[in-house]
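Going letter by letter, the sequence shown gives residues 219 to 380 in the numbering used here. To keep things clear, I will list the structure first and then write my remarks on it.
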Amino acid sequence: MKQRLADKGAYLLIVRLERSVTIDAGRMRGTKLPPGLYAYAGSAWGPGGIEARLARHRRPDKPVHWHIDHLTNRAASIASLAFTGETECRLIDRLLALKGVMVPVPGFGASDCPHCPAHLVRLPPSFRLSRAAVGLRQPAPARAPHPKAAPANRRSGLGGTA
């Protein structure tokens, strides 16, 4: 089944920072992220679905509303993967199961999530999106179901890059 980006679900933003970024708002004020490759898992359950959310993240002139806006407004590059019917929590579980993936800032992007240490992870220099994309479609490590999770028998889709 072909995935439509207007569908609802979750997505990953792969953000490359060439310079350090300092968060200058909220409880994370002063937090510094060094240059590197990061993955942010977000949800798109509202109007417009994944397509609308990714379009917002790609806009260079957007106001800073979410934690991730601090990075996307300063990113050297942004790629995206879409997962219809999936949750950001299960994507984070899968990423954290990969060797060398770590949480750089506890709570980043997950201030309303009781399940995850953060919705942002730092990826190792050896990370290759093309290889990881296949693994991200596999089942996440077992834990209690997320309230927005699709039924287990529903397959998640995989979108293109931005």
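For each residue, glycine too, the CB sits at the ideal point set by N, CA and C.
If you ignore the 5 residues before and after L341, its C-beta comes within less than 7 angstroms of the C-beta of L255, Y256, A257 and V319, all in its own chain and listed in chain order. DSSP places S348 within a helical segment (H, G or I) once states are collapsed to three. Residue state for T305 is assigned as coil, using DSSP reduced to three classes. A Cβ-Cβ contact shorter than 8 angstroms links A228 with A262.
When secondary structure is reduced to three states using DSSP, I296 falls in the strand class.
In the structure shown, the three-state DSSP call for G267 is helix. The Cβ-Cβ distance between T240 and K250 falls below 8 angstroms. Per DSSP, reduced to three states, the secondary structure at I310 is helical.
Exclusion of the five residues before and after V233 leaves Y256, Y258, L289, T290, A293 and I296 as the residues of its chain whose Cβ lies within less than 7 angstroms of its Cβ. Within the model, the alpha-carbon separation for R312 versus L347 is close to 13 angstroms. Under the DSSP definition of a beta bridge, L289 lacks any partner.
The shortest CA-to-CA distance from A336 to any of P343, F345, P324 and S344 is the one to P324.
Residue C307 holds the alpha-carbon nearest to the alpha-carbon of H333 among C307, G267 and L235.
Under the three-state reduction of DSSP output, G248 falls in the coil class, being neither helix nor strand. E269 and F301 have their C-alpha atoms spaced approximately 11 angstroms apart. Residue burial is scored here from C-beta neighbours: G260 has at least 16 other C-beta atoms within 10 angstroms and is therefore classed as buried.
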